[in-house]
Amino acid sequence: MYGVSQLQRQLTEYTSSLFDEGFLDDQFNEVQQLQDESNPEFVVEVVTLFFEGAERLLNELAKALGQDNIDFKRVEANVRQLKGSSSSIGAQRVQKVCIAFRNYCEEKNVEGCLKTLQEIKQECSSVKSKLETLFKMKQQVLSWEAPLLGSGR
């Protein structure tokens, strides 16, 4: 039993740190509450879809900002979409950088846009790594709990 309770405590502490460090906000809890026995992989699926979409948007943004004539309306639309999807999963740091990015778009500040694009890539990479660790920890707790539940304890 010691192993399970220790893993659960580590999972709780790690999850708390993600909120304390601003990687996640309460929206992530909302997404988790939508998961149930009928769809035990819901959160992983939603997060995976977010990162696939984010990668596509980041590539489009990089391409758009590399043009001679930058279409700032299109860039801003992509940033708005990324901000919306990051806020829907609770990726708070990504969302905050998107806000700065949109301000640079409004100013037509190419240097600022390029700088925040790199920041968004970094934040996406960081939150992806953190969430992968979180999901692995949860899976580990579940794999330890399953035999205990089956033994009638």
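Numbers 1 to 153, taken from full-length UniProt numbering, label the letters of the sequence shown in order.
No residue lacks a Cβ here, since even glycine has one placed at the ideal position from N, Cα and C.
Using the Cβ count rule (16 or more neighbours within 10 Å means buried), how would you classify residue i?
| i | result |
| --- | --- |
| N78 | buried |
| T133 | exposed |
| L57 | buried |
| R9 | exposed |
| S86 | buried |
| L18 | buried |
| L24 | buried |
| L117 | buried |
| I99 | exposed |
| L142 | exposed |
Just verifying my parser: in three-state terms, what is the DSSP assignment at residue i?
| i | result |
| --- | --- |
| residue 213 | Within the shown structure, residues of the chain are numbered from 1 to 153, placing residue 213 beyond reach of any answer. |
| R153 | For R153, the predicted structure reports a pLDDT of 43, less than 50, and the residue's modelled location is therefore unreliable. A value from the coordinates is still provided. In this structure, R153 counts as coil in the three-state DSSP scheme. |
| D20 | helix |
| D25 | coil |
In terms of alpha-carbon separation, which member of the options lies closest to residue i?
| i | options | result |
| --- | --- | --- |
| G22 | A91, V4, I99, L82 | A91 |
| E45 | D68, L131, F72 | L131 |
| E13 | K138, D71, S129 | K138 |
| E30 | E106, Q67, V47 | V47 |
| E52 | L114, V141, W144, K128 | K128 |
| K121 | F135, R93, K108 | R93 |
| E41 | S143, I70, F135 | F135 |
Roughly how far, in whole angstroms, is the beta-carbon of residue i from the beta-carbon of residue j, given that I think they are within contact range, below 8 Å?
| i | j | result |
| --- | --- | --- |
| A62 | C124 | In fact, because the Cβ distance is near 13 Å, the residues do not count as touching under 8 Å. |
| Q95 | K83 | 6 Å |
| R102 | R80 | 7 Å |
| C113 | L65 | 6 Å |
| I89 | Q27 | 7 Å |
| V4 | E106 | So it is not a contact: roughly 51 Å between Cβ atoms. |
Heavy atom of the ligand COA less than 7 Å from the Cβ of residue i, yes or no?
| i | result |
| --- | --- |
| E123 | Ligands are entirely absent from the displayed structure, and the ligand COA is therefore not among its contents. |
Please tell me whether residue i has its Cβ less than 8 Å away from any Cβ of chain B.
| i | result |
| --- | --- |
| G84 | Absent from the structure: chain B. Only one protein chain is present. |
**Report entry** Every unbroken alpha helix (DSSP H) within the UniProt domain "HPt" (39-134), with a cutoff of 4 residues, ordered by chain
**Finding:** 42-65, 72-89, 92-107
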